[in-house]
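Some notes on the structure that comes next.
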Amino acid sequence: MEIWSAEIRQSVLLTVELAAISTAILLVLATPLAWWLARAKGWWTEIIASVVALPLVLPPTVLGFYLLVLLGPDGPGGWIASLWGGRTLAFTFEGLVIGSVVYSMPFVVQPIRNAFAAMGERPLEVAATLRASPLRTFWTVAVPLARSGFLTGAVLGFAHTVGEFGLVLMIGGNIPGHTKVLSVALFDYVETSRWREASMLAGLMVIFAFAVILTMTLVDKRAARAAA
Amino acid sequence: MKLLRSITIVAGLLLACASAQAAQTNVAVAANFTDAAKEIAALFKQKTGHEAVLSFGASGQFYTQIAQGAPFQVFLSADDSRPKQLVEEGLAVAGNRFTYAIGKLVLWSKSPGVVTGEETLKAASFAKLSICNPAAAPYGLAAVETMKSLNLYDALKPKLVEGATITQAYQFVETGNAEVGFVALSQLTGSEAGSRWVVPQALYNPIRQDAVLLKAGAGNEAAGAFITFLRGSEARAVIERYGYVLDGQS
């Protein structure tokens, strides 16, 4: 009896792929956003921050509903899928990436924003007096100083995408190799009383979650030591 | 003012008594039977005063939950094998199992003219065909059997998308995310919209939908009454109206 079946391997690989791609996109989008949020002074800053943070509170089913209806072929956002020649965002890997990016955004933006805010103006001013261009200051001063924020954001974004379930269940269509990620495969196994595979996946997720939390704690500790 | 308050109190007490007499039962209902079950539960309440609290899901999902001790007292499955298995495992009361409906599978599209018959499946000029999970939902299994009977399963497989229940399979077509889908005839009752092909019975095994009284409902008055009501003429009229065939007439 082979437990580590091709089916399970496929859903694990797919999940890792989804989380890795989503995290990469998240870092690219979240960095300028976090920079702006950390430094902007206007009253609207917190309004934008709240919009970004919405997925913290919203059930994933709300997002699933919108993706299905508004971005479906009959919805106002139906054209988005045609950007890569698709008919609909649902049932596609790309659709899951878009959903994950929206859904995990606050988990990436928040730690980076905090790290940018924590360094204060001083290092940037010093860099400016040394005639560093703003862009150079950003890359050689701000980013290295905020690296623990980036690390936390990346780990949380990755982990949160792995843990996504409701959204994928609603728009995925359970297609092996495309949308049947770990959490949905587990649901499937439980639904059909395949306990052996279910325990396998559930155990894997517990180990993964433990590793994530432990990593986060160690990163925090190191950052605190470095700051002290 | 005082009078009004005492009337309110008396009315409240009366209501409390009434609800204490009427019993409640938790019924697990296969998703394809959703609308019919709601109507039957309303009639059931009218006639007996008992309340049937309905939960909807895939039959396989309910089977797993019941095997794990879920507090359902009656199970309306979308097949006969799971109720039979529950009886054999001692989780359902023996001698109470009966076929309340025989389901019909339909290929459906929201747009007129898209579905014309089995040639729609052969031409396969659609991107996505939605079905429900064949491992957990009997209508999904019937859909797979149909495609296999037509020797089209391998060709259509890359286009299949799965809903967790038949309700989700329907909703994928309804929202336009899938152009066509295999759904239950009961879901299309009361609407002529779109285009449909009622799949001939020869292409799949009959969807015999069995009801059982579960062990948890053995002593429950409302659960027993619900099973009895489901066999009665009023419930049977509703079931027929939703496009099901009744056992013993076909």
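Chains as they are written, first to last, in the numbering used here: chain A, 61 to 288; chain B, 4 to 253.
Ideal Cβ placement from N, Cα and C applies to all residues, glycine included.
- Item | Per-residue contacts from GLY132/A into chain B (C-beta, under 8 Å) | Within the first sequence, residue 132/A is the residue found at index 72, counting from 1. Per Cβ cutoff of 8 Å: THR178, GLY179 and ASN180.
- Message: Using DSSP's beta-bridge definition, name the partner residues of THR28/B.
- Response: Taking the second sequence and counting its residues from 1, one reaches residue 28/B at position 25. When beta bridges are read from the DSSP output, THR28/B appears opposite ALA55/B.
- Item | GLN27/B versus PHE229/B, VAL96/B, PRO203/B and ALA214/B, residue with shortest Cα-Cα distance | Sequence index remark: in the second sequence, residue 27/B carries index 24 (1-based). That would be PHE229/B, whose Cα lies nearest to the Cα of GLN27/B.
- Message: Buried or exposed for ASN180/B, going by 16 or more other Cβ atoms inside 10 Å?
- Response: If you number the second sequence from 1, residue 180/B lands on position 177. ASN180/B should be labelled buried.
- Query: Looking at the C-beta of LYS131/B, does it have a partner C-beta in chain A at a distance below 8 Å?
  - Reply: Within the second sequence, residue 131/B is the residue found at index 128, counting from 1. Yes, its Cβ sits closer than 8 Å to a Cβ of chain A.
- Message: Rounded to whole angstroms, what is the Cα-Cα separation between ALA214/A and VAL168/A?
- Response: Against the first sequence, residue 214/A aligns to sequence position 154. Against the first sequence, residue 168/A aligns to sequence position 108. So the alpha carbons of these two residues sit roughly 6 Å apart.
- Determine the closest residue to SER164/A out of VAL112/A, LYS101/A and ASN174/A, with distance taken between C-alpha atoms. Residue 164/A sits at position 104 when you count from the first residue of the first sequence. The candidate whose alpha carbon is nearest that of SER164/A is VAL112/A.
- Item | Three-way DSSP call (helix, strand, coil) for VAL109/B in this model | Stepping through the second sequence from its first residue, residue 109/B is reached at position 106. Strand, per DSSP.
- Query: So ALA61/B packs on ALA167/B, CB below 8 Å; how close in whole Å?
  - Reply: In the second sequence, residue 61/B corresponds to position 58, counting from 1. In the second sequence, residue 167/B corresponds to position 164, counting from 1. Sure, about 6 Å apart at Cβ, within 8 Å.
- So is GLU148/B in contact with chain A if we call contact Cβ pairs under 8 Å? The sequence position of residue 148/B within the second sequence is 145, counting from 1. No, because no Cβ of chain A sits closer than 8 Å to the Cβ of GLU148/B.
- Residue ranges of each beta strand (DSSP E) run of no fewer than 3 residues wholly in the region 67 to 111 of chain B, ordered along the chain? Those beta strand (DSSP E) runs which fall completely within the region 67 to 111 of chain B and span 3+ residues are 77 to 79 and 101 to 106.
- Where THR67/B meets chain A, residues with beta-carbon distance less than 7 Å: Taking the first residue of the second sequence as 1, we reach residue 67/B at position 64. Ordered by position in chain A, the residues that pass the 7 Å Cβ test against THR67/B are VAL250, GLU251 and SER253.
- Message: Tell me the DSSP secondary structure of ILE134/B in three-state form.
- Response: Taking the first residue of the second sequence as position 1, residue 134/B is located at position 131. For ILE134/B, the three-state secondary structure derived from DSSP is strand.
- Query: Should THR148/A be flagged as near chain B, meaning a C-beta pair shorter than 8 Å?
  - Reply: Along the first sequence, read from residue 1 onward, the residue named residue 148/A stands at position 88. Answer yes: the Cβ-Cβ gap between THR148/A and chain B drops below 8 Å somewhere.
- Interface residues of chain A facing VAL186/B [CB-CB closer than 9 Å]: For the purposes of this step, residue 186/B is identified with residue 183 of the second sequence, where counting begins at 1. Proximity of chain A to VAL186/B at the Cβ level (cut-off 9 Å) is not reached, the minimal Cβ distance being about 15 Å.
- Inter-residue spacing [alpha-carbon to alpha-carbon] between PHE75/B and ASN99/B: The residue given as residue 75/B occupies position 72 in the second sequence. The residue given as residue 99/B occupies position 96 in the second sequence. For PHE75/B and ASN99/B, the distance between alpha carbons rounds to 15 Å.
- Task: Drop a sphere of 10 angstroms on the beta-carbon of ALA286/A, count the other beta-carbons inside from all chains shown, and report buried for 16 or more, exposed for fewer.
- Result: Locating residue 286/A in the first sequence gives position 226, counting from the first residue. Exposed.
- Item | Within chain A, partners of ASN136/B - CB distance below 9 Å | Here residue 136/B refers to the residue found at position 133 when the second sequence is read from its first residue. Simply ASN234, ASP248, GLU251 and THR252.
- Message: Please tell me whether GLY63/B has its Cβ less than 8 Å away from any Cβ of chain C.
- Response: Reference to chain C is not applicable here, since the protein chains of this structure are A and B.
- Query: Between the region 114 to 130 of chain A and chain B, which residues of the former have a C-beta closer than 8 Å to a C-beta of the latter?
  - Reply: Of all residues in the region 114 to 130 of chain A, those with a C-beta nearer than 8 Å to a C-beta of chain B are LEU128 and VAL129, reading in chain order.
- Message: Does the CB of LEU229/A have a neighbour CB from chain B at under 8 Å?
- Response: The sequence position of residue 229/A within the first sequence is 169, counting from 1. It does: the Cβ of LEU229/A has a partner Cβ on chain B nearer than 8 Å.
- Query: How many whole angstroms separate the CB atoms of GLY226/A and GLY124/A, which I take to be in contact at a CB cut-off of 8 Å?
  - Reply: Within the first sequence, residue 226/A is the residue found at index 166, counting from 1. Within the first sequence, residue 124/A is the residue found at index 64, counting from 1. Rounded to whole angstroms, the Cβ separation of GLY226/A and GLY124/A is 6 Å, and the two are in contact under 8 Å.
- Query: Are three or more beta carbon pairs between the region 62 to 75 of chain A and the region 134 to 151 of chain A nearer than 8 Å?
  - Reply: No contact exists between the region 62 to 75 of chain A and the region 134 to 151 of chain A.
- Message: Just list the residues that DSSP pairs GLU165/B with in beta bridges.
- Response: Numbered from 1 along the second sequence, position 162 holds the residue referred to as residue 165/B. Per the DSSP secondary-structure output, GLU165/B pairs in a beta bridge with ILE134/B.
- Task: Kindly indicate if chain A contains any beta-carbon less than 8 Å away from that of VAL117/B.
- Result: Position 114 of the second sequence, counted from the start, is the residue given in the question as residue 117/B. So no, VAL117/B is outside the interface.
- Message: Strictly below 7 Å CB to CB, what residues from chain B border PHE153/A?
- Response: To locate residue 153/A, count along the first sequence from 1; it is residue 93. What PHE153/A touches in chain B: nothing, since even the nearest Cβ is about 13 Å away.
- Apart from the five residues just before and just after ALA187/B, which ones in its own chain have a Cβ nearer than 6 Å to its Cβ? Here residue 187/B is taken as the residue at index 184 of the second sequence, counted from 1. The answer, listed in chain order, is ASN35, GLY106, TYR142 and ILE169.
- Query: Does DSSP put ALA21/B in a helix, a strand or coil?
  - Reply: For the purposes of this step, residue 21/B is taken as the residue at position 18 of the second sequence. Residue placement at ALA21/B is poorly supported in this model, since its pLDDT is 48, which falls under 50; the coordinates still yield a value, given next. In the structure shown, ALA21/B adopts helical secondary structure according to DSSP, grouped into three states.
- Query: Sorted by chain position, which residues of the same chain lie with C-beta nearer than 7 Å to SER160/A's C-beta, five sequence neighbours on each side aside?
  - Reply: Here residue 160/A is taken as the residue at index 100 of the first sequence, counted from 1. Counting only Cβ-Cβ distances below 7 Å, and skipping sequence neighbours, we find LEU78, SER82, THR221 and GLU224.
- Message: Within 10 Å of its beta-carbon, does LYS240/A have 16 or more other beta-carbons around it, so buried, or fewer, so exposed?
- Response: For this step, residue 240/A is matched to residue 180 along the first sequence. With 16 or more Cβ atoms within 10 Å of its Cβ, LYS240/A is classed as buried.
- If you draw a straight line from the alpha carbon of GLN70/A to that of VAL122/A, how long is it in whole angstroms? Within the first sequence, numbered from 1, the residue matching residue 70/A stands at position 10. Within the first sequence, numbered from 1, the residue matching residue 122/A stands at position 62. A direct Cα-Cα distance of roughly 28 Å separates GLN70/A from VAL122/A.
- What's the gap between the Cα of ASN208/B and the Cα of GLY209/A? Locating residue 208/B in the second sequence gives position 205, counting from the first residue. Locating residue 209/A in the first sequence gives position 149, counting from the first residue. Answer to the nearest angstrom: the Cα atoms are 58 Å apart.
- Can you have a look at ALA139/B and say buried or exposed, based on whether 16 or more other CB atoms are within 10 angstroms of its CB? In the second sequence, the residue the question calls residue 139/B occupies position 136. Buried.
- Item | Close-in-space but distant-in-sequence residues of the same chain around PRO115/B (CB under 7 Å, 5 per side omitted) | The residue given as residue 115/B occupies position 112 in the second sequence. So the list reads GLY197 and SER198, once near-sequence residues are dropped.
- Give the residues from the region 92 to 103 of chain B that approach chain A closer than 7 Å (Cβ to any Cβ), ordered along the chain. Of all residues in the region 92 to 103 of chain B, none has a Cβ within less than 7 Å of some Cβ in chain A.
- Could you give the distance in angstroms between the alpha-carbon of LYS281/A and the alpha-carbon of ALA175/A? Stepping through the first sequence from its first residue, residue 281/A is reached at position 221. Stepping through the first sequence from its first residue, residue 175/A is reached at position 115. The alpha-carbon of LYS281/A is positioned some 14 Å away from that of ALA175/A.
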